[in-house]
Amino acid sequence: MTAARDPLATYNAKRDFGRTREPKGELAANGGNSFVVQKHAATRLHWDFRLEIDGVLKSWAVTKGPSLDPADKRLAVRTEDHPLSYGDFEGVIPKGEYGGGTVMLWDRGSWEPVAGKSAKDLDKGHLHFVLHGERMKGEWLLVRMKGRPGEKRENWLLRKVEDEAADPAGALVDRALSSVLTGRSMAEIAADKQAAQSLSGAKGRKFAEKMQSARDHNAGIRRKKGKSAGSPPAFVEPQLATLVDSVPTGNDWLHEIKFDGYRAMVSVAGEKVRVFTRNGLDWTEKFAALGRTLATLDLPPALIDGEIVAFGADGNPSFSALQAVLKRGHGAERDDAPLSFFAFDLLSLDGMDLRPLSTIERKERLEALLRDAQPPIHVADHVIGAGEQLYRSMCEAGQEGIIAKRADAPYRSARTRNWVKVKCTRRQEFIIIGWSRSSAKGRPFRSLLLAQKEGRTLVYKGKVGTGFDADTMQDLADAMDPLVVEKAPLDVPRTEARGARWIKPQLVAEIAFAEFTGEGRVRHASFLGLRADKKAKDVKPEKPGPAPSPQHDVKISSAERVIFPESGQTKGELADYYARIAPLMLPFAANRPISLVRCPQGRAKKCFFQKHDSGAFGKAVHQVPIREKDGGAEDYLYVEDAEGLLTCVQMGTIEFHGWGSRADAVELPDRMIFDLDPDEGMDFARVRDAARDIRGALGDLGLVSFAMLSGGKGIHVVVPLTPGHDWAAHRDFSSRFAQALSAAEPDRFVATMSKAKRKDRIFIDWLRNQRGSTAVLPYSARARAGAPVAIPIDWDELDGIKDAHPFGIGDVDQLLERAGALKGWGFAAQKLPDI
156 MTAARDPLAT YNAKRDFGRT REPKGELAAN GGNSFVVQKH AATRLHWDFR LEIDGVLKSW
216 AVTKGPSLDP ADKRLAVRTE DHPLSYGDFE GVIPKGEYGG GTVMLWDRGS WEPVAGKSAK
276 DLDKGHLHFV LHGERMKGEW LLVRMKGRPG EKRENWLLRK VEDEAADPAG ALVDRALSSV
336 LTGRSMAEIA ADKQAAQSLS GAKGRKFAEK MQSARDHNAG IRRKKGKSAG SPPAFVEPQL
396 ATLVDSVPTG NDWLHEIKFD GYRAMVSVAG EKVRVFTRNG LDWTEKFAAL GRTLATLDLP
456 PALIDGEIVA FGADGNPSFS ALQAVLKRGH GAERDDAPLS FFAFDLLSLD GMDLRPLSTI
516 ERKERLEALL RDAQPPIHVA DHVIGAGEQL YRSMCEAGQE GIIAKRADAP YRSARTRNWV
576 KVKCTRRQEF IIIGWSRSSA KGRPFRSLLL AQKEGRTLVY KGKVGTGFDA DTMQDLADAM
636 DPLVVEKAPL DVPRTEARGA RWIKPQLVAE IAFAEFTGEG RVRHASFLGL RADKKAKDVK
696 PEKPGPAPSP QHDVKISSAE RVIFPESGQT KGELADYYAR IAPLMLPFAA NRPISLVRCP
756 QGRAKKCFFQ KHDSGAFGKA VHQVPIREKD GGAEDYLYVE DAEGLLTCVQ MGTIEFHGWG
816 SRADAVELPD RMIFDLDPDE GMDFARVRDA ARDIRGALGD LGLVSFAMLS GGKGIHVVVP
876 LTPGHDWAAH RDFSSRFAQA LSAAEPDRFV ATMSKAKRKD RIFIDWLRNQ RGSTAVLPYS
936 ARARAGAPVA IPIDWDELDG IKDAHPFGIG DVDQLLERAG ALKGWGFAAQ KLPDI
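All the letters of the sequence shown, read from the start, carry residue numbers 156 to 990 under my numbering.
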């Protein structure tokens, strides 16, 4: 068969089948209608979309992956046809081969043209089709773009068509992170390659010999981490929000949707899951279907705070819909029960109590823990600042309101003003004290009589006569009948009490109403449901108070002083940057011994490091005594909140550098840093490639890593770790890892500080992993020309970055906006490999 007639000739010509495990291209019989999508981490991460047509897989490389949002038009570059046998391929294409990198089978299923269309439409530059996949469903469009003169590649656009499968959130590739074939992550698939082959040299060989067993061991830990890790944590009383009359302002706050459901404290450890109500009632059986879904995530021991909701006909969370689901039957018998769990806090993880940490750090750790979760398990989204905009959106959508949480506050099992709620409508709990009789046939009652506790006194609050259907009325009548008493449990006006029947004050109802009248009665009340998760003794009136005022007010003196002479940026502008970026920076900077780069007169004048406290910083900057080499102890600096950061700025600080351990556990490192420091003038593309390769080598050992642009010349590869090893093990591992890479590629890497040996090489600076050493913290400004900042970056973004300092303190709006795509960056529950 000639190349002109063989559609797989190009495919075969590009590959050496003696080196790659990819199947050799052989034309299959026509007639199938399969499709596959393969996630492919080659030179650039992309998703290969393939449709079976004419006995081959017609293929497009979708650079950002498919989106369920019809507004997203994703670039899809046409590639060579692939054989049908490629539809089952998952593994690693060797480096140096065409498409070298990791391949995951990300989706599969069948496809068909919409009515009146056919596969031949591809020749006309468009295809309208329906997918029946595990992840991609419904109608889609492929449209060829008009080519430019001299353009060799064929560019198309892939777009979701508006239908029931569409989702404006669109984040399909962000939440679908495992193989539909094997359930593995990209790191686990990549770990199948023989990493030891890339390492050589004396120490490198010794290190490499253990990599295979360590990789297998760590892969086992990832697969069994929940099952082998112990029992689910004990119940903890939840933190409660205070009702306020307006949205708190400023970047000190993060804002979430107020879900209209049941508060739930979920305790997990692998396959063991328990679900508690806010009062500690064990409702695991009521929500057994959700429990089974959580069990499949195989999580380490964790205590997760969240809300269980059901969605109404309008698509909003609905308490009435939730009541209807529970009424139909317990989750133990109903896996089809349409319930969802929205997690919004993480109280403990793998034996570590997270409650003392800031809200934003707990939320980041929660994002990392549940990054593989799929509906009906969600992490509740949040925004930093911009609370008024979210509140308006929620009210316009007919939702209940929002919860605002102080970003730097710890978790407290009480009602506090660090969590506040702002409601779109008035809703409260009331105690049912009786009912008024109905003259209508078949109607058990006309209205319910309500009360609330004010202090120790039960006070009458009026009636509710709407919000019931026939089934609800009968259920209420059945619940009230055993509680009937002769006398009213409180004083009720005679006109209101006429014809009433009384019950013991035990049932709690959720009521929506317009307002309280002058007499304290509910007006235009509507019944929403019974609250079996709440006790009558806790039902008190909620009266909105004023929104909390800003927590910190650090006065910045000499705010007009220019401290970055090249760009003219001032001390006041630097303080504004830190005030706004604090919620993103605190998860990495708070409660960690720090060293400061202070430049009181500006970066061009005298700058110096400071790590000890001279007593001049005031109460917002704290001290922790740390043992020195001589046996004595010195007080090291640390901060807990935005006020601490700004106090340091007021004292002339530009840069913040942090230890690899926390202030409350200085001898237990929790963060490993490999600082890639290139020789002067080196092309930054080589640094990017090095960072990706180091990520791969760490992945071979079962370690998840993250990239950070240093704001200077290089890239930091950051490895978060669960505390449990000491500094000696920390230093030893990082040293041997860096030396192994240097020994394997001596023309590329060096693991010593010697300037003479760095010529045209990259220094893998592992020395930051020693006790007392520090590394620049994420989002810290740098005392360099143009006021650059160190920024976290997604691995997928790295290809488009031209240097290590693309953002400065003037780009804070852009940094805040892009932070949504980086939730969970820098956190992972993983232990140091034993090699």
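Glycine included, C-beta positions come from ideal geometry on N, C-alpha and C.
- When DSSP states are grouped into helix, strand and coil, alanine 569 belongs to the coil group.
- Per DSSP, tyrosine 793 is one residue of the beta strand (DSSP E) stretching across 788-794.
- According to the DSSP assignment, leucine 729 belongs to the alpha helix (DSSP H) that extends over 726-744.
- Note on lysine 695: under 16 other CB atoms within 10 angstroms of its CB, so exposed under the neighbour-count rule.
- Distance from the Cα of valine 944 is smallest, within the candidate group Asp838, Phe719 and Val402, for Phe719.
- For the pair isoleucine 870 and leucine 831, the CB atoms are nearer than the 8 Å cut-off.
- With at least 16 other beta carbons inside 10 angstroms of its own, valine 804 counts as buried.
- DSSP places methionine 863 inside the beta strand (DSSP E), whose first and last residues are 861-864.
- About 4 Å separates the Cβ atoms of aspartate 400 and proline 699, confirming a contact at the 8 Å cut-off.
- The Cβ atoms of aspartate 630 and tyrosine 417 lie no closer than 8 Å to each other.
- Exclusion of the five residues before and after valine 328 leaves Gly220 as the residues of its chain whose Cβ lies within less than 6 Å of its Cβ.
- Within a 10 Å sphere around the beta-carbon of serine 897 sit 16 or more other beta-carbons, which makes this residue buried.
- Across the set Ala450, Ser475 and Met740, the C-alpha of Ala450 shows the shortest separation from the C-alpha of leucine 525.
- Secondary structure at histidine 707: coil, using DSSP grouped into helix, strand and coil.
- Put simply, the region 562-569 does not touch the region 652-662. Fewer than three CB pairs are less than 8 Å apart.
- According to the DSSP assignment, glutamate 522 belongs to the alpha helix (DSSP H) that extends over 514-524.
- Taking C-alpha positions only, threonine 877 is separated from methionine 908 by approximately 29 Å.
- Nearest Cα to serine 265 within the set Gly187, Ser935 and Gly941: Gly187.
- Rounded to the nearest angstrom, the gap between the Cα atoms of leucine 662 and glycine 684 is 11 Å.
- Glycine 271 sits away from valine 191, with the two beta carbons spaced by 8 Å or more.
- Cβ atoms of glycine 461 and phenylalanine 497 come within 8 Å of each other, at about 5 Å.
- Taking the Cα of serine 722 as reference, the smallest distance to any Cα among Glu783, Asp161 and Arg758 is reached at Arg758.
- In the DSSP secondary-structure assignment, threonine 808 is bridged to Arg753.
- Spanning the alpha carbons of alanine 559 and proline 238 requires a straight line of approximately 53 Å.
- The bridge partners DSSP lists for glutamate 462 are Arg418 and Phe497.
- Sequence-distant partners of leucine 494 (beyond 5 residues in either direction) whose C-beta falls short of 8 Å from its own C-beta, in its chain, are Phe442, Ala444, Leu445, Ile463, Val464, Ala465, Leu477, Val480, Gly486 and Pro531.
- Sequence-distant partners of alanine 197 (beyond 5 residues in either direction) whose C-beta falls short of 6 Å from its own C-beta, in its chain, are Gly254 and Gly256.
- Counted as a single uninterrupted DSSP element, the alpha helix (DSSP H) harbouring isoleucine 344 occupies residues 341-345.
- The beta carbons of glycine 556 and histidine 410 sit about 10 Å from each other, so the pair does not count as a contact at 8 Å.
- For aspartate 236, the enclosing beta strand (DSSP E) begins and ends at 228-237.
- Distance between threonine 580 and glycine 553, taken at the CA atoms: about 9 Å.
- Looking at the DSSP output, tyrosine 615 shares a beta bridge with Ala606.
- The region 811-831 and the region 744-758 touch, with no fewer than 3 CB-CB distances between them shorter than 8 Å.
- Under the three-state reduction of DSSP output, leucine 801 falls in the helix class.
- Between the alpha carbons of glycine 506 and leucine 458 lies a gap of roughly 10 Å.
- Per DSSP, glycine 435 lies in no alpha helix (DSSP H) segment and is marked neither H nor E.
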